[in-house]
Amino acid sequence: MSALAPILGDYRLSAPAMMPQPVRPTKGVPGPENFEVIVDDYQRRLYGFALRMTGNREDAEEIVQDSFVRAYRALAKMDPQQRAELRLQPWLYTITLNVTRNRLRSKRPTNVALDSLADPDALLNETQEGPDQPEAIVDRAADMVLVEQALLQLPMHLRAAATLRFVEGRSHPEIAEILNQPIGTVKSHVHRAVRILRRILGPQVGRIVASENSTIEEED
Amino acid sequence: MRCCDVEKLWDDMRDALQPHRDAVIKHLRACPPCQELYEQYEGIAYCLTCLPPPQPPATLVPKIIEHIRSAVKATVPDSVAKIDSPLGLLFVAFRETGITYVALNRDEGDEAAFQRIKARLGRSVVPSTAPAWVNETLTAFFRTHVSRLDRVDISDLTPFEQATLRATAKIPAGEVRSYGWVAAAMGQPNAARAVGGVMARNPVPLLYPCHRVVDSTGRLHNYEYGLDVKARILELEGCRSYKR
Chain W
1 MSALAPILGD YRLSAPAMMP QPVRPTKGVP GPENFEVIVD DYQRRLYGFA
51 LRMTGNREDA EEIVQDSFVR AYRALAKMDP QQRAELRLQP WLYTITLNVT
101 RNRLRSKRPT NVALDSLADP DALLNETQEG PDQPEAIVDR AADMVLVEQA
151 LLQLPMHLRA AATLRFVEGR SHPEIAEILN QPIGTVKSHV HRAVRILRRI
201 LGPQVGRIVA SENSTIEEED
Chain P
1 MRCCDVEKLW DDMRDALQPH RDAVIKHLRA CPPCQELYEQ YEGIAYCLTC
51 LPPPQPPATL VPKIIEHIRS AVKATVPDSV AKIDSPLGLL FVAFRETGIT
101 YVALNRDEGD EAAFQRIKAR LGRSVVPSTA PAWVNETLTA FFRTHVSRLD
151 RVDISDLTPF EQATLRATAK IPAGEVRSYG WVAAAMGQPN AARAVGGVMA
201 RNPVPLLYPC HRVVDSTGRL HNYEYGLDVK ARILELEGCR SYKR
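Chains as they are written, first to last, in our numbering: chain W, 1 to 220; chain P, 1 to 244.
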């Protein structure tokens, strides 16, 4: 029996509860007057996205800063109706992705995959209350680094699709809007990304999922 | 349902609204090769959803706000108003945060004056009429020779330039001090020459009184608008203790 059998049994992973929740929407029509609230609401999400896309904390910080400046300028130029009709979250993702693309294009791609992202301290804090043994925690941190690095090996368009789909938990129509692509293209990019990741991560996937899954079952 | 059709529907199942959900599950239960592929697919997806959300540094929000502020400053033009004064026409640039530039009339025409201010500020300017607070600030200066420095914005300048101008503001009206005195007042007694440089490019003359700074022998030394103007301002303030 494979390590994933329990997952297949009840389709636990397909449950919407596994997907990251959308951030609380900024109240009112977005504009320069409430921009500080927008920054506060979306900075974590966009920083996370930029970090997954670049693999580099400094790059991610600068990308988020530039993205918010662009968003501010664009909002300031919009008339009230345009602001009212704006779908803020996908729009912010699109801006962040464009800034990321511009930045990565001007950098040597080899810089990217070498940085380790997972902050072992953060992982330790996060798992402290669980029943994991210390070795398991270290294993998990190492596993997450493997996953992060595999993601960074994808071509940028596939990395964007996979990150938005699985890490950010966006729906296909939303990703299509963010990437300005047909839904069919988005689906096929997500699929191709997973195939490549499967090749990179290979048998390690089963081990990672098995160790994660045992934790889930203990919670039940 | 064929294997290739099922594979295309896997990812849709995450959205929970998949109309073919039951058919896919039925196929997977009956088809071991698809089941294995599906498990791998879900395994990868699961690994990705497990990535811990990165914590942005606590400094990120203040950095973003500061970034926006300086970007906005670069794009929002300063207003420039013409104001009559005992020294003739003044061109006064200002924005919400305070007066940013004061130019005495050089009889070069409005357009040339605007261009000069634009070049010095490094951003665009728009002609405007002076709001009451700008008028009052200048009127009060000529009446009392004391500046409302809270209405003057020198935040574009370097920290050294700002410190120098603040030191000049300590010189009482009707008196003069040397470049060396200003340097010493800033706690940098060797910086007299650098102080001279700052005086020469003071964007807000009168309000930050660079006209009260003279050389160590009491001579007027230099002034952007000429020594006659410098002497005139000092005389308006009741100062006689300078040399030509």
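Glycine included, each C-beta is placed from N, C-alpha and C at the ideal position. Please read all numbers here as calculations on a predicted model, not as lab measurements.
- Item | Three-way DSSP call (helix, strand, coil) for Leu117(W) in this model | Walking along the first sequence from the start, residue 117(W) turns up at place 117. Caution applies to Leu117(W), whose pLDDT of 46 falls short of 50 and renders its modelled position unreliable; the value that the coordinates give is listed next. The answer is coil: DSSP assigns Leu117(W) none of H, G, I, E or B.
- Item | Expected contact under 8 Å - CB spacing of Leu46(W) and Val64(W) to nearest Å | Taking the first residue of the first sequence as 1, we reach residue 46(W) at position 46. Taking the first residue of the first sequence as 1, we reach residue 64(W) at position 64. Sure, about 5 Å apart at Cβ, within 8 Å.
- Task: Whole angstroms is fine: what's the gap from Gly28(W)'s alpha carbon to Ser85(P)'s?
- Result: Residue numbering aside, residue 28(W) sits at position 28 when the first sequence is read from its first letter. Residue numbering aside, residue 85(P) sits at position 85 when the second sequence is read from its first letter. Their Cα atoms are separated by approximately 47 Å.
- DSSP three-state assignment for Lys107(W), whether helix, strand or coil: For the purposes of this step, residue 107(W) is taken as the residue at position 107 of the first sequence. Taken through DSSP and simplified to helix, strand or coil, Lys107(W) comes out as coil.
- If you draw a straight line from the C-alpha of Lys230(P) to the C-alpha of Asp79(W), how long is it? Indexing the second sequence from 1 puts residue 230(P) at position 230. Indexing the first sequence from 1 puts residue 79(W) at position 79. Taking the straight line joining both Cα atoms gives about 49 Å.
- Task: Please compile the residues from chain P whose C-beta is within a distance smaller than 7 Å of the C-beta of Val39(W).
- Result: Taking the first residue of the first sequence as position 1, residue 39(W) is located at position 39. Here the neighbours are Val61, Ile64, Ile65.
- Query: Beta carbon of Gln222(W), beta carbon of Ile208(W): below 8 Å?
  - Reply: One cannot answer for residue 222(W) here, as it falls past the ends of chain W, which runs 1 to 220.
- Okay, do the segment 127-139 of chain P and the segment 91-102 of chain P touch, 3+ Cβ pairs below 8 Å being the bar? Cβ pair count under 8 Å is three or more, so yes.
- Item | Short Cβ contact (8 Å threshold) for Ala193(W) with Ala161(W) | By 1-based counting over the first sequence, the position of residue 193(W) is 193. By 1-based counting over the first sequence, the position of residue 161(W) is 161. Cβ distance < 8 Å, so Ala193(W) and Ala161(W) count as in contact.
- Query: For the beta strand (DSSP E) that Gly98(P) lies in, which residues bound it at each end?
  - Reply: For this step, residue 98(P) is matched to residue 98 along the second sequence. In the DSSP annotation of this structure, the continuous segment of the beta strand (DSSP E) that includes Gly98(P) starts and ends at 98-104.
- Message: Rounded to the nearest angstrom, what separates Leu97(W) and Asn180(W) at their Cα positions?
- Response: Position 97 of the first sequence, counted from the start, is the residue given in the question as residue 97(W). Position 180 of the first sequence, counted from the start, is the residue given in the question as residue 180(W). Rounded to whole angstroms, Leu97(W) and Asn180(W) show a C-alpha spacing of 11 Å.
- Message: Could you give the first and the last residue of the continuous alpha helix (DSSP H) run that contains Pro127(P)?
- Response: As a position in the second sequence, residue 127(P) is number 127, starting the count at 1. No alpha helix (DSSP H) holds Pro127(P); the beta strand (DSSP E) holding it covers 125-127.
- Message: Report the CB separation of Ala194(P) from Ala167(P) in whole angstroms; it is logged as a contact under 8 Å.
- Response: Within the second sequence, residue 194(P) is the residue found at index 194, counting from 1. Within the second sequence, residue 167(P) is the residue found at index 167, counting from 1. That pair is no contact at about 12 Å.
- Query: chain W partners of Leu206(P), CB-CB under 8 Å?
  - Reply: To locate residue 206(P), count along the second sequence from 1; it is residue 206. Correct list: empty, because the minimum Cβ distance to chain W is about 34 Å.
- What is the DSSP secondary structure of Val80(P), reduced to helix, strand or coil? Along the second sequence, one-based indexing puts residue 80(P) at 80. In the structure shown, Val80(P) sits in a strand (DSSP, three-state: E or B).
- Task: Following the continuous alpha helix (DSSP H) through Ala192(P), name the residue where it begins and the one where it ends.
- Result: Counting from one through the second sequence, the residue named residue 192(P) turns up at place 192. Element bounds for Ala192(P): 192-200.
- Query: Under 8 Å between C-beta atoms, does Ala142(W) make it to chain P?
  - Reply: Start at 1 with the first residue of the first sequence, and residue 142(W) comes out as number 142. Chain P contact via Cβ: absent.
- Query: If you draw a straight line from the alpha carbon of Ala173(P) to that of Thr54(W), how long is it in whole angstroms?
  - Reply: Here residue 173(P) corresponds to residue number 173 of the second sequence, with the count starting at 1. Here residue 54(W) corresponds to residue number 54 of the first sequence, with the count starting at 1. Cα-Cα distance, rounded: 58 Å.
- Message: Can you check which of these residues, Arg106(P), Asp107(P), Gly180(P), Leu206(P), is closest to Phe142(P) by C-alpha distance?
- Response: Position 142 of the second sequence, counted from the first residue, corresponds to residue 142(P). Nearest option by C-alpha distance: Leu206(P).
- From Pro56(P) to Ala60(W), what distance separates their C-alpha atoms? For the purposes of this step, residue 56(P) is taken as residue 56 along the second sequence, with counting starting at 1. For the purposes of this step, residue 60(W) is taken as residue 60 along the first sequence, with counting starting at 1. When rounded, the distance between both Cα atoms is 9 Å.
- Message: Am I right that Asn202(P) and Leu165(P) are in contact with their C-beta atoms under 8 Å? What's the rounded C-beta distance?
- Response: The count along the second sequence starts at 1 and reaches residue 202(P) at position 202. The count along the second sequence starts at 1 and reaches residue 165(P) at position 165. Contact between Asn202(P) and Leu165(P) holds: their C-beta atoms lie close to 6 Å from each other, under 8 Å.
- Could you tell me which residues DSSP pairs with Ala93(P) in its beta bridges? Reading the second sequence from its first residue, position 93 is the one you call residue 93(P). Its beta-bridge partners are Val80(P), Tyr101(P).
- Buried/exposed call for Asn56(W), threshold 16 Cβ in 10 Å: Locating residue 56(W) in the first sequence gives position 56, counting from the first residue. Asn56(W) is buried by the Cβ-count criterion.
- Message: For the segment 184-208 of chain W, list every residue whose C-beta sits within 8 Å of some C-beta in chain P, in sequence order.
- Response: Under the 8 Å Cβ criterion, the segment 184-208 of chain W contributes Lys187, Val190, His191, Val194, Leu197, Arg198, Leu201, Val205, Gly206, Ile208.
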